[in-house]
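There are 2 protein chains.
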Amino acid sequence: MNLKWDSQGLIPAVVQDATTRQVLMVAYMNAESLQKTLEMGETVFWSRSRGELWHKGATSGNTQTVREILVDCDEDTLLILVDPAGPACHTGAVTCFFRTLEDITDAVK
Amino acid sequence: MNLKWDSQGLIPAVVQDATTRQVLMVAYMNAESLQKTLEMGETVFWSRSRGELWHKGATSGNTQTVREILVDCDEDTLLILVDPAGPACHTGAVTCFFRTLEDITDAVK
Numbered sequence: 002m003n004l005k006w007d008s009q010g011l012i013p014a015v016v017q018d019a020t021t022r023q024v025l026m027v028a029y030m031n032a033e034s035l036q037k038t039l040e041m042g043e044t045v046f047w048s049r050s051r052g053e054l055w056h057k058g059a060t061s062g063n064t065q066t067v068r069e070i071l072v073d074c075d076e077d078t079l080l081i082l083v084d085p086a087g088p089a090c091h092t093g094a095v096t097c098f099f100r101t102l103e104d105i106t107d108a109v110k
Numbered sequence: 002m003n004l005k006w007d008s009q010g011l012i013p014a015v016v017q018d019a020t021t022r023q024v025l026m027v028a029y030m031n032a033e034s035l036q037k038t039l040e041m042g043e044t045v046f047w048s049r050s051r052g053e054l055w056h057k058g059a060t061s062g063n064t065q066t067v068r069e070i071l072v073d074c075d076e077d078t079l080l081i082l083v084d085p086a087g088p089a090c091h092t093g094a095v096t097c098f099f100r101t102l103e104d105i106t107d108a109v110k
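Protein sequence lines correspond, in order, to chains A and B.
Residues in the first sequence are numbered consecutively from 2, following my numbering.
Residues in the second sequence are numbered consecutively from 2, following my numbering.
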């Protein structure tokens with residue numbers, strides 16, 4: 002049985018802290034980045050903006066050690082439980098989800 | 002500041018149980034479904050397969066009462082904390098993420 006990659010060969014991956022259960026970020030994987038994640042035991046994504054493999058924490062040191070990878074019922078989304086070495090967000094926040102919708106004005110347009 | 006809708010006017014929404022912190026599902030919202038979610042206080046998605054608004058639990062009774070909506074740093078993903086009235090998954094499982102990647106053979110192809 003195969004994963005359902007989208008038209009660009011990607012699958013969204015929700016990253017959750019295995020201990021605190023906090024949702025840290027959502028990023029995208031292609032088959033190669035998933036393969037590298039399995040090989041390294043650390044998250045490797047496909048950066049859609051840079052168009053290249055992105056080993057999370059390679060420069061910042063904030064790697065994410067993979068504990069478990071779950072797949073949803075229709076096999077088009079991954080949930081990755083990790084032990085993070087540091088903050089997930091480039092802003093330095095523990096999680097990329099550090100604002101509420103109310104913090105963002107004019108959200109629904 | 003606006004949310005970053007994708008080329009199809011959608012944004013992925015991670016749904017997490019506000020109490021157990023379990024990640025329940027990932028679905029997609031367009032502006033109308035987000036507006037309805039805010040109005041009703043229950044999750045309403047855009048069904049990509051059926052091409053219509055999808056009030057979660059409208060037929061099954063397994064609605065999701067919204068506690069909080071968070072936005073990630075680049076404003077292209079939502080995290081919705083909910084109190085679920087029942088299982089999130091159409092299979093009857095509490096969460097759609099009930100299998101590991103290892104359960105799925107030939108995953109990386």
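Cβ coordinates follow ideal geometry from the N, Cα and C atoms, glycine included.
> Taking three-plus beta-carbon pairs below 8 Å as touching, is the region 27 to 34 of chain B in contact with the region 3 to 16 of chain B?
Replying inline: These segments touch.
> Are the region 98 to 107 of chain A and the region 43 to 55 of chain A in contact at 8 Å, needing three or more beta carbon pairs?
Replying inline: Taking a cut-off of 8 Å on C-beta distances, the region 98 to 107 of chain A does not touch the region 43 to 55 of chain A, as fewer than three cross pairs fall below it.
> Could you give the residue range of the alpha helix (DSSP H) that holds T66/B?
Replying inline: It is not in any alpha helix (DSSP H) - T66/B instead sits in the beta strand (DSSP E) that spans Q65 to V72.
>> Could you check whether L4/A and S69/A sit closer than 8 Å to each other, using their CB atoms as the reference points?
In response: The sequence shown places Glu at residue 69/A, rather than the Ser named in the question. Judged by their CB atoms, E69/A and L4/A are not nearer to each other than the 8 Å cut-off.
> Within 10 angstroms of its Cβ, does M2/B collect 16 or more other Cβ (buried), or is it exposed?
Replying inline: Because the pLDDT of M2/B is 45, which lies under 50, any placement of that residue in the model is unreliable, and the number read from its coordinates should be weighed accordingly. It is exposed - the Cβ of M2/B has fewer than 16 other Cβ atoms within 10 Å.
> Which residues in the same chain have their Cβ closer than 8 Å to the Cβ of Q65/B, if we skip the five residues on either side of it in sequence?
Replying inline: V16, L25, E43, T44, K57, G58, I81, V83, D84, P85, A86 and A89, listed in sequence order.
> Quick one: does I105/B have its CB under 8 Å from some CB of chain A?
Replying inline: So yes, I105/B belongs to the interface.
> Any idea if D7/B is buried or exposed, counting beta-carbon neighbours within 10 angstroms, 16 or more meaning buried?
Replying inline: Under this definition D7/B is an exposed residue.
> How should T21/B be labelled, buried or exposed, when 16 other C-beta atoms within 10 angstroms of its C-beta is the threshold for buried?
Replying inline: Here T21/B is exposed, its C-beta having fewer than 16 other C-beta atoms within 10 Å.
> Shortest alpha-carbon distance to E40/B belongs to which of V67/B, C97/B and C74/B?
Replying inline: Of all alpha-carbon atoms in V67/B, C97/B and C74/B, the one lying nearest the alpha-carbon of E40/B is that of V67/B.
>> Please report whether the beta-carbon of F46/A lies at a distance below 8 Å from any beta-carbon of chain B.
In response: The beta carbon of F46/A sits no closer than 8 Å to any beta carbon of chain B.
>> Going by C-alpha to C-alpha distance, which of C97/A, G62/A and C74/A sits closest to D73/B?
In response: Taking each of C97/A, G62/A and C74/A in turn and checking the Cα distance to D73/B, the smallest one comes out for C97/A.
> Taking only runs of the alpha helix (DSSP H) that begin and end inside the region 12 to 75 of chain B, which ones reach a length of at least 4 residues, in chain order?
Replying inline: The region 12 to 75 of chain B contains these whole alpha helix (DSSP H) runs: 32 to 41.
> Buried or exposed: T92/A, going by 16 or more other Cβ atoms within 10 Å of its Cβ?
Replying inline: T92/A comes out exposed.
>> In the DSSP output, which residue or residues are listed as bridge partners for T101/A?
In response: L71/B.
>> Quick check: is the beta carbon of K110/B nearer than 8 Å to any beta carbon in chain A?
In response: Any reading at K110/B must be qualified, since the residue scores a pLDDT of 48, below 50, and its modelled position is unreliable; no value is offered.
> Are the beta-carbon atoms belonging to T78/A and V95/B less than 8 Å from one another?
Replying inline: No, Cβ-Cβ distance for T78/A and V95/B is not below 8 Å.
> Is P169/A helix, strand or coil when you go by DSSP?
Replying inline: Chain A is shown only over 2 to 110; residue 169/A falls outside these bounds and no answer can be derived.
>> Is M41/A close to chain B? Criterion is C-beta to C-beta, closer than 8 Å.
In response: No, M41/A does not count as interfacial toward chain B.
> In chain B, what lies closer than 7 Å to D7/A by C-beta?
Replying inline: Neighbours of D7/A on chain B: none; closest Cβ ~10 Å, over 7 Å.
> Nearest chain E C-beta to D84/A closer than 8 Å, yes or no?
Replying inline: Looking for chain E here will not work: the only protein chains present are A and B.
> From G62/B to T60/A, what does the alpha carbon distance come to, in whole angstroms?
Replying inline: Between G62/B and T60/A, the C-alpha separation is close to 47 Å.
>> Between the alpha carbons of S48/B and L71/B, how many angstroms are there, rounded?
In response: CA-to-CA, the gap between S48/B and L71/B works out to about 21 Å.
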